[in-house]
Amino acid sequence: LPLGIASMGIIASLIGTFLVLGGKSGNVYQVLRNSLFLATILTAIFAGVITWYTVGTLDPFYAMLSGLVAGLIIGLSTEYFTSEKRKPAQGIAESAKTGPATVIIQGMVTGMMSTIIPIIAVVGAMLLAYFFADFYGVAISAVGMLSILGVSLATDCYGPVADNAQGIAEMAGMGKEVRERTEQLDAVGNTTAAMGKGFAIGSAAITALALIFTYIKAAEALTGQPLELTLGDPYVVSGIFIGAMLPFVFTALTLGAVGRAAYAMVEEVRYQFREFKLLETNRKPDYARCVKISTNRALKEMILPSLLAVISPILVGIILKPKGLGGLLIGSIATGFLLAVYLANAGGAWDNAKKYIEAGNLGGKGSDAHKAAVIGDTVGDPCKDTSGPSLNILIKLMSIVSLVFLPVILIFS
Numbered sequence: 014l015p016l017g018i019a020s021m022g023i024i025a026s027l028i029g030t031f032l033v034l035g036g037k038s039g040n041v042y043q044v045l046r047n048s049l050f051l052a053t054i055l056t057a058i059f060a061g062v063i064t065w066y067t068v069g070t071l072d073p074f075y076a077m078l079s080g081l082v083a084g085l086i087i088g089l090s091t092e093y094f095t096s097e098k099r100k101p102a103q104g105i106a107e108s109a110k111t112g113p114a115t116v117i118i119q120g121m122v123t124g125m126m127s128t129i130i131p132i133i134a135v136v137g138a139m140l141l142a143y144f145f146a147d148f149y150g151v152a153i154s155a156v157g158m159l160s161i162l163g164v165s166l167a168t169d170c171y172g173p174v175a176d177n178a179q180g181i182a183e184m185a186g187m188g189k190e191v192r193e194r195t196e197q198l199d200a201v202g203n204t205t206a207a208m209g210k211g212f213a214i215g216s217a218a219i220t221a222l223a224l225i226f227t228y229i230k231a232a233e234a235l236t237g238q239p240l241e242l243t244l245g246d247p248y249v250v251s252g253i254f255i256g257a258m259l260p261f262v263f264t265a266l267t268l269g270a271v272g273r274a275a276y277a278m279v280e281e282v283r284y285q286f287r288e289f290k291l292l293e294t295n296r297k298p299d300y301a302r303c304v305k306i307s308t309n310r311a312l313k314e315m316i317l318p319s320l321l322a323v324i325s326p327i328l329v330g331i332i333l334k335p336k337g338l339g340g341l342l343i344g345s346i347a348t349g350f351l352l353a354v355y356l357a358n359a360g361g362a363w364d365n366a367k368k369y370i371e372a373g374n375l376g377g378k379g380s381d382a383h384k385a386a387v388i389g390d391t392v393g394d395p396c397k398d399t400s401g402p403s404l405n406i407l408i409k410l411m412s413i414v415s416l417v418f419l420p421v422i423l424i425f426s
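According to the numbering used here, numbering within the sequence shown proceeds without interruption in unit steps and concludes at 426.
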C-alpha cells in the first residue's frame, strides 16, 4: 500500500506539472500553488481507489489523507508567514524604518508565531492517523505527506534557480525590465523554497514519530518486556532533557560553521584586493581560491554535527538504557521540529521583507530601511538555508541510529 500511494503521488505530481507548463498567467506563485492543489486532489482520489482495492477498507486512506492535508496546511502557513505580500513580512519591513535591531526582533517574533499552525497540523494528523489505523496509520500519514514530493520539491528547487537568475541579471547589467522580472521571480522563489522546507520539516516530524513507535516495538520484541516511557521514570526524564538540548547544540554548530566560513571568505577577498591590487589593475581575481575555501569549509565543518547525531543516541542508550534513549528521541523531535520551523520561516520572512523594500516600498533600495533589512536578510540566510533544513536530518537520523544500534545498546546497557 505505501508503494502504491507513493506511485499515485508521482503520477499526480506529473499531471500537476502540466498546469505549470501550460500556464500563461503573470502570477507565477498562483500557478505553482494551483499545481500543488491539483496534485494533492489527484493523489487523494488515486490513493482512495488503490486503498479500497488492495485493503478492502478506507481506514488507511483516512490516515494517509490526514498527512496529505497536514502537509498542505503547513505549506500554506509557511506561505503566509514568509510571502512579501502578507502582513508578517511587511511588518518586518515596516520595523526596518527604526533600524536593524527592530528588524531582528520582529523577524524572531514572526518565526516563533509561525510554529503554531504546523504543530497543530502535525498533532492533528498523528491523532487522526492513530485513530484510524493505529501505529501503522502514523507511518502511512508520513507517506501521505510525502506523496506529493514531486511538486513540493519542484517548488523548492525553483527558489535557488530564480535567485541565481536574478543575480546573473544584476551582475550582467541587464535592462531595468529584465531585473524587475527576475526580482519578482526571486521573491516568489523565496516563498516557494520556504514552503518546500515546511513540507520537509513536517514530514520529518511525522516520520520520526513513526520511527519512535517502531523503536518501542523493537525494544519490546528484543527484551520480551514492555518498554514504558513514563514521566515518573528518571531515566526517561533525563533522556527528554538531553534530547531537547541536542537540536540547540546542533544549530549552534551549524550557525557557527557559517560564521567561520564567511570570515575566511571575507579575509580571502580582502587579501586579493590588497595583494593583487584589483582596483588599480585589470587583473582578474582568483575565483578558484574562494570556491576552494567554501567547499573545504562546508565539508570540514559538518564533521562535528554529523558525529553529534550518530554518537549521542548510542551513548545515551548505553548510559540511560533504552528508556532514556526513548526519552531522548521524544525530546529531540519536540524541540527540533519547533526550532526548524522557527529558523526556516524567520529566515524566509527576513529575506522577503528586504525584497518588499527593494520593490519600491518604504524608500526602496539605498534607503536606511533597506540597509536595516539587508542586515536582517544576512542573519536569516544561514537560518533558512543551513540550520533549519538540517534539523530535519538530525531528528530522523537519531531515530534511525537508535533503531539500528538497539541490539548493541541492549548488550552494553
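Glycine is no exception: its CB is placed at the ideal position from the N, C-alpha and C atoms.
In whole angstroms, give me the CA-to-CA distance for residue i and residue j.
{"i": "Gly-268", "j": "Pro-318", "result": "The question names Gly, but residue 268 in the sequence shown is Leu. Spanning the two alpha carbons is a distance of roughly 11 Å."}
{"i": "Gly-157", "j": "Gly-163", "result": "13 Å"}
{"i": "Ala-134", "j": "Ile-87", "result": "7 Å"}
{"i": "Ala-60", "j": "Phe-74", "result": "7 Å"}
{"i": "Ile-63", "j": "Gln-119", "result": "47 Å"}
{"i": "Leu-11", "j": "Val-82", "result": "Residue coverage of the chain in this structure runs from 14 to 426, which leaves residue 11 outside it and unanswerable."}
{"i": "Phe-31", "j": "Leu-49", "result": "11 Å"}
{"i": "Gly-150", "j": "Met-315", "result": "35 Å"}
{"i": "Leu-312", "j": "Phe-145", "result": "44 Å"}
{"i": "Met-258", "j": "Ser-325", "result": "11 Å"}
{"i": "Gly-252", "j": "Ser-415", "result": "13 Å"}
{"i": "Leu-14", "j": "Leu-140", "result": "20 Å"}
{"i": "Met-126", "j": "Glu-371", "result": "25 Å"}
{"i": "Ile-346", "j": "Tyr-355", "result": "14 Å"}
{"i": "Gly-337", "j": "Leu-410", "result": "17 Å"}
{"i": "Met-21", "j": "Met-278", "result": "46 Å"}
{"i": "Val-174", "j": "Val-262", "result": "31 Å"}
To which residues of the same chain is residue i closer than 6 Å at the C-beta, ignoring the five residues directly before and after it?
{"i": "Ala-109", "result": "Val-116, Ala-382, Ala-385 and Ala-386"}
{"i": "Thr-195", "result": "Ala-178, Gln-179 and Ala-182"}
{"i": "Tyr-42", "result": "Val-201"}
{"i": "Thr-67", "result": "Leu-14"}
Taking 7 Å as the limit between beta carbons, can you name the residues of its chain near residue i, skipping five residues before and five after?
{"i": "Gly-172", "result": "Gly-202, Asn-203, Thr-205 and Ala-206"}
{"i": "Gly-349", "result": "Pro-260, Leu-404, Leu-407 and Ile-408"}
{"i": "Leu-235", "result": "Leu-419, Pro-420 and Leu-423"}
{"i": "Pro-113", "result": "Ala-385, Ile-388 and Gly-389"}
Can you tell me whether residue i is buried or exposed? The criterion is at least 16 other CB atoms within 10 Å of its CB, across all chains shown.
{"i": "Glu-293", "result": "exposed"}
{"i": "Lys-230", "result": "exposed"}
{"i": "Ile-58", "result": "exposed"}
{"i": "Gly-188", "result": "exposed"}
{"i": "Phe-94", "result": "buried"}
{"i": "Lys-334", "result": "buried"}
{"i": "Asn-365", "result": "buried"}
{"i": "Trp-363", "result": "buried"}
{"i": "Arg-46", "result": "buried"}
{"i": "Glu-193", "result": "exposed"}
{"i": "Lys-210", "result": "buried"}
{"i": "Val-417", "result": "exposed"}
{"i": "Val-304", "result": "exposed"}
{"i": "Ala-322", "result": "buried"}
{"i": "Ile-129", "result": "exposed"}
{"i": "Lys-368", "result": "buried"}
{"i": "Leu-328", "result": "exposed"}
{"i": "Glu-190", "result": "exposed"}
{"i": "Glu-288", "result": "exposed"}
Check whether the Cβ of residue i lies closer than 9 Å to any Cβ atom in chain C.
{"i": "Leu-375", "result": "The structure shown contains no chain C; it holds only a single protein chain."}
Looking only at its own chain, which residues have a Cβ that is under 8 Å from the Cβ of residue i, when we skip the five neighbours before and after it?
{"i": "Ile-153", "result": "Leu-14, Pro-15, Ile-18, Pro-73, Ala-76, Met-77, Gly-80, Ala-142 and Ala-146"}
{"i": "Thr-399", "result": "Thr-267, Leu-268, Ala-270 and Val-271"}
{"i": "Leu-27", "result": "Gly-163"}
- Message: When you compare the segment 235–249 with the segment 390–405, are there three or more beta-carbon pairs, one atom per stretch, that lie closer than 8 Å?
- Response: Of all C-beta pairs linking the segment 235–249 to the segment 390–405, fewer than three are shorter than 8 Å, placing the two stretches out of contact.
- Task: Specify whether the segment 209–222 and the segment 296–314 touch according to this definition: at least 3 beta carbon pairs, one from each stretch, less than 8 Å apart.
- Result: As far as the Cβ criterion goes, the segment 209–222 does not touch the segment 296–314, which means the pair count is below three.
- Should the segment 224–231 be called in touch with the segment 334–344, which here means at least 3 C-beta pairs below 8 Å? They touch, by the three-pair rule.
- Message: If we require 4 or more residues per run, which alpha helix (DSSP H) segments fall completely within the segment 216–289?
- Response: If one requires a minimum length of 4 residues, the alpha helix (DSSP H) runs lying completely within the segment 216–289 are 247–288, in chain order.
- Query: Going along the chain, which unbroken runs of the alpha helix (DSSP H) with 4 or more residues stay wholly within the segment 91–150?
  - Reply: Whole alpha helix (DSSP H) segments, 4+ residues: 100–108 and 113–126.
- Where in the segment 377–422 do unbroken runs of the alpha helix (DSSP H), each at least 4 residues long, occur, reported from the N-terminal end onward? Note on the segment 377–422: whole alpha helix (DSSP H) runs with a minimum of 4 residues are 381–395 and 401–417, in chain order.
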